[in-house]
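In what follows, a single structure is set out as structure tokens and then discussed.
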Amino acid sequence: MDSSDYSDAAKAELRDDINKDVTVFLQRLQSVGADDKIDDFEVQNIGEEAYRLYTPTAAGSPVSGSTSGTTKDSIAKQIADHNDEAHRQILSRLKKKELSKLKSDKKAQMGKLRESMVEIKAESHGLLWDAELRRLIHTPGDISTDVEMNKILDQYRANEMEFHQLDAKYKRLEKELRKIQREKRKRRKSCQ
């Protein structure tokens, strides 16, 4: 069988069916929030790419060249290939969106850690100032000042330990963020 087995009406109907399927899929995608920006990419681009991939020929253009003389089997294979490619690209875009969300979550965690670290450092500096004031007004033989100085020193040590734990978490998050960024770059290159 050759392309003459397909009338222009059948070809147009096939194009319309594919366009409807793509539209329905994109609406579902948008309903789950996939219409948010993915870096500089918007879901609108998915529709354009999917449309380009799903349509064997541009809408309204005559079938000629490499598509003329094709069989039903080869057209079905071509459509299946286009479907696979569109599906792969959509999954890749969704993975990039997931990585973007993960990246923003890690940045938010890092911001909170950074705020906590600043608060702890400020408190530690306050403790040092308090200890210095107590040292200056200390009268020899006054045991209550020594007890207060020990409490301040214990609190200072606890703050420093907490600061170092938060710093370790922050550095771990930085490593995870770099890993996410590498994965995003890798995905971006594979989509091009």
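Numbering-wise, this note's numbering puts 30 at position 6 of the sequence shown, and it's gapless, one number per residue. The beta-carbon is built from N, C-alpha and C at its ideal position, and this holds for glycine as well.
Residue i and residue j closer than 9 Å at C-beta
i    : j    : result
L201 : K131 : yes
L38  : M134 : no
S214 : S116 : yes
I176 : R158 : yes
L190 : I114 : no
M173 : H162 : yes
Counted within 10 angstroms of its Cβ, other Cβ atoms place residue i as buried (16 or more) or exposed
i    : result
R138 : exposed
L152 : exposed
D166 : exposed
I42  : buried
N183 : buried
L160 : exposed
Selected residue, minimal CA-CA separation from residue i, among the options
i    : options             : result
K127 : A33, D41, S31, R209 : R209
D45  : A110, S98, A33      : A110
A155 : P164, T163, T169    : T169
F49  : A33, N107, K35, S98 : N107
Close beta carbons around residue i, own chain, < 8 Å, minus the five adjacent residues each side
i    : result
Y194 : M134, L137, R138, M141
Sequence-distant residues of its chain with Cβ nearer than 6 Å to residue i (five each side left out)
i    : result
R212 : none
Same chain only: Cβ atoms within 7 Å of residue i, ignoring 5 sequence neighbours per side
i    : result
Q179 : L151
Using a Cβ distance threshold of 8 Å, determine whether the region 145–158 contacts the region 196–209, with at least three qualifying pairs required. no
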